[in-house]
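A short worksheet on the structure shown next.
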Amino acid sequence: LNLLHVAGGLDIAFLTAFILGAASHRMAVVFDNVVTGAAILAAVTIDPLVKDYVFPSAVYDEPIHDEPIHKEQCRFLGVKPYLHYNLLIDEALGSTMGLS
1 LNLLHVAGGL
11 DIAFLTAFIL
21 GAASHRMAVV
31 FDNVVTGAAI
41 LAAVTIDPLV
51 KDYVFPSAVY
61 DEPIHDEPIH
71 KEQCRFLGVK
81 PYLHYNLLID
91 EALGSTMGLS
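What follows is the structure, encoded as structure tokens:
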């Protein structure tokens, strides 16, 4: 929690709490970006069972998805995104399409 306080913004702290709550109710959390991935890693650090409820939906042809951060998040969680888009903007599009 101290790391969230020192290094994270309110958005990541909120997402972490949301993810913990969703997992405690056995609800899936679909994510498609590095910021949400950071919140998921924080949630998994707090409760390792969260890992069973998180799924990456997509990667994009966007610079941040080509960086090792997103790939390392997925590797740590032991999951792979199942959609790939030739888009430069994500705005939760992958999560939305991943649910359909």
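In the UniProt record's numbering, the protein residues as written are 1 to 100. All C-beta atoms, glycine included, are put in the ideal place defined by N, C-alpha and C.
When we look at the beta-carbon of residue i and count the other beta-carbons within 10 Å, is it buried (16 or more) or exposed?
i, result
"P68", "exposed"
"P48", "exposed"
"E32", "According to the sequence provided, residue 32 is Asp. The question's Glu does not apply to it. Buried is the call here."
"G37", "buried"
"F76", "exposed"
"L10", "exposed"
"I39", "The amino acid occupying residue 39 in the given sequence is Ala; Ile does not appear at that position. The residue in question, A39, is buried, as its Cβ has 16 or more Cβ neighbours within 10 Å."
With DSSP collapsed to three states, give me the class of residue i.
i, result
"K71", "helix"
My understanding is that residue i touches residue j, with C-beta atoms under 8 Å, so please give their C-beta distance in whole angstroms.
i, j, result
"A17", "Y53", "Not confirmed; about 14 Å, so no contact."
Sequence ranges, beta strand (DSSP E) only - wholly within the region 19 to 61, length at least 3 | 29 to 31, 54 to 56 and 58 to 60
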